[in-house]
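In my numbering, the protein residues as written are 542 to 698.
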Ligand SMILES: [Cu+2]
C-alpha cells in the first residue's frame, strides 16, 4: 500500500512522463545517416530529410564525435564541384528539406575516432525559430557505407 506521499509522487511522475511523451519534436527527421570514416580520416558527411512542423532555420549541428559540425552547400563552379560552409538553411513548415550527397549536407570535421558501419552517433540540431530563439533537438544517427535504400524518394515497400 502506498502512502499518500508516494502516490502523489507517482502521480506527478506520470504527469511529467505524459507531458514529455506528448511533446513531439519540432522537426521530423527521416533517412538520417552519416558516412563511415576510416582511421585517420578527418571528416565525413551526414545526410537526412528534415520536415519542420513550424517555420525554423537550421543554423548548425553539434556532435560529440567531431570538433566541428558544419552545414555545407555544394555548387558547380565551372566544371568543378565545390563546397562551402553556410550559416543557415530555412526549413519552411511542412516542407521536406533534404541534406543529401551532392547538395546541402552536414560536414563532420576533426573526427575524434573512426566511424564504422553499425555505429550510432548523437547529433544536436541547432535551430532558430521565427522569434530568433535557439531550439535544440537531439537525434541518433546510424553510420552507413552508402545511402539507405528508399532514401532517394522511392516509396516504401
Ligand atoms: Cu562538405
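For glycine and all other residues, C-beta sits at the position ideal for the given N, C-alpha and C.
Remember, predicted model here, so these are calculated numbers, not experimental data.
Same chain, Cβ closer than 6 Å to residue i, neighbours up to 5 away in sequence not counted
i	result
residue 660	684
residue 562	Confidence in residue 562 is poor, its pLDDT being 48 and thus under 50, which makes the residue's placement too unreliable to answer from.
residue 549	none
residue 576	585, 586
Range of the contiguous beta strand (DSSP E) that encloses residue i
i	result
residue 667	661 to 670
residue 607	607 to 618
residue 572	568 to 576
residue 584	584 to 593
residue 598	597 to 603
residue 627	Neither: residue 627 is in no beta strand (DSSP E) and is coded neither H nor E.
residue 683	675 to 685
residue 640	638 to 640
residue 651	646 to 652
Cut-off 8 Å between Cβ atoms - residues of its own chain near residue i, not counting five sequence neighbours on either side
i	result
residue 642	586, 588, 688
residue 579	655
Nearest neighbour of residue i, chosen from the options [CA to CA]
i	options	result
residue 664	647, 672, 670, 654	647
residue 592	638, 574, 602	638
residue 686	645, 633, 603, 657	657
residue 581	570, 634, 627, 607	607
residue 628	598, 565, 682	598
residue 671	594, 614, 618, 547	594
residue 690	574, 612, 605, 651	574
Cβ separation of residue i and residue j, assumed to be a contact under 8 Å, to the nearest whole Å
i	j	result
residue 667	residue 603	7 Å
residue 614	residue 622	With a Cβ gap of about 11 Å, residue 614 and residue 622 do not count as contacting.
Own chain partners of residue i with C-beta closer than 7 Å, once the 5 adjacent residues on each side are dropped
i	result
residue 631	598
residue 634	593, 594, 595, 596
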